[in-house]
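J.:
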Ligand SMILES: [Zn+2]
């Protein structure tokens, strides 16, 4: 098995409860990954029948449109919102891992029950369980609101793709009335993470690395990259 830090072709699998959960916290990072040649697979557990969009086809189309911007392929499951079980998510996750052999999984951050969305919580727990058992690196992305319980330890500078992030979120027109989908909310949170790092400018996305491992070649890859960068600077 690979880890995602050894320089070979990579696949990231995101698993989220609802369409739009993936773009809010991670569209910029996924765009940067696809630009770097990563294979981006977005798995959505539900079709959104309880959400503000009553037509499931709308959600599918919106996700496909967002996928074109961030360079991701989508797959929907029809688990029932607010009642699906951890067992159902475990099965979906196992199937997806077998099909795509991901080097990295990204999902919701587990939160204390009274703060997190029920579906996000069940998804986070089930996916964490499988990733741990299968020894696959795992990141949690930031909750849209109520950050309680989320402890970011990894930040991605998405300044150069902030326009794409906004455009990808904008594809979810059926969700655009939600407060946390508003442009100012997106920019404020992206800037908030920059300030967390002591940066006055720029936009960031925040993750919590829940599980990570590297093989011995990781350190070689780092030193090779360092030498390459030094040569580049010297030749300028
Ligand atoms: Zn959601």
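Numbering (the numbering used here), first residue to last: 16 to 251. Cβ atoms here follow ideal geometry from the backbone N, Cα and C, with glycine treated the same way.
With 16 as the cutoff for other CB atoms within 10 Å, does residue 216 come out buried or exposed?
T.: Taking the chain shown and counting its residues from 1, the one referred to as residue 216 is at position 201. By the 10 Å Cβ count, residue 216 comes out exposed.
J.: Looking at the structure shown, is residue 57 part of a helix, part of a strand, or coil, going by DSSP?
T.: In the chain shown, the residue the question calls residue 57 occupies position 42. Reduced to three states, the DSSP call for residue 57 is strand.
J.: Got a sec, what are the start and stop residues for the alpha helix (DSSP H) residue 201 sits in?
T.: Along the chain shown, one-based indexing puts residue 201 at 186. Counting along the chain, the alpha helix (DSSP H) containing residue 201 begins and ends at 198-211.
J.: Closest to residue 55 by CA distance: which of 38, 62 and 61 is it?
T.: For the purposes of this step, residue 55 is taken as the residue at position 40 of the chain shown. The residue with the shortest Cα to Cα distance from residue 55 is 38.
J.: Helix or strand or just coil, what does DSSP make of residue 45?
T.: Along the chain shown, one-based indexing puts residue 45 at 30. Residue state, collapsed to three classes: helix.
J.: Alpha carbons only, please: which of 218, 222 and 92 is nearest the one belonging to residue 209?
T.: Translated into the one-based positions of the chain shown, residue 209 becomes position 194. Comparing Cα-Cα distances from residue 209 to each of 218, 222 and 92, the minimum goes to 218.
J.: Report the rounded CA-to-CA distance for residue 97 versus residue 237, giving the unit in angstroms.
T.: Within the chain shown, numbered from 1, the residue matching residue 97 stands at position 82. Within the chain shown, numbered from 1, the residue matching residue 237 stands at position 222. Their backbone Cα atoms lie some 44 Å apart in a straight line.
J.: Within the same chain, show all residues whose beta-carbon is closer than 6 Å to that of residue 92, passing over the 5 residues directly before and after it, in chain order.
T.: Position 77 of the chain shown, counted from the start, is the residue given in the question as residue 92. Excluding positions up to five away in sequence, the list reads 60 and 107.
J.: Only counting the same chain, and skipping five residues up and downstream in sequence, which positions put a Cβ closer than 7 Å to that of residue 181?
T.: Walking along the chain shown from the start, residue 181 turns up at place 166. Result list for residue 181: 198 and 201, in chain order.
J.: Between which two residues does the beta strand (DSSP E) harbouring residue 87 extend?
T.: On the chain shown, position 72 is the one that residue 87 refers to. First-last of the beta strand (DSSP E) with residue 87: 87-94.
J.: Could you pull the start and end residues of the beta strand (DSSP E) that residue 221 belongs to?
T.: Within the chain shown, numbered from 1, the residue matching residue 221 stands at position 206. Where residue 221 is concerned, the enclosing beta strand (DSSP E) stretches over 219-226.
J.: Using a Cβ-Cβ cut-off of 7 Å (strictly less than) and excluding sequence neighbours within five positions of residue 41, which residues of its own chain qualify?
T.: Numbered from 1 along the chain shown, position 26 holds the residue referred to as residue 41. The residues are 29, 121, 156 and 220.
J.: Could you please go through the chain and list the residues whose beta-carbon is closer than 5 Å to any non-hydrogen atom of ligand 1?
T.: Answer in sequence order: 32, 33 and 36.
J.: Among 183, 26 and 50, which residue has its Cα nearest to the Cα of residue 111?
T.: As a working mapping, residue 111 is identified with position 96 in the chain shown. Minimum Cα distance to residue 111 is reached at 26.
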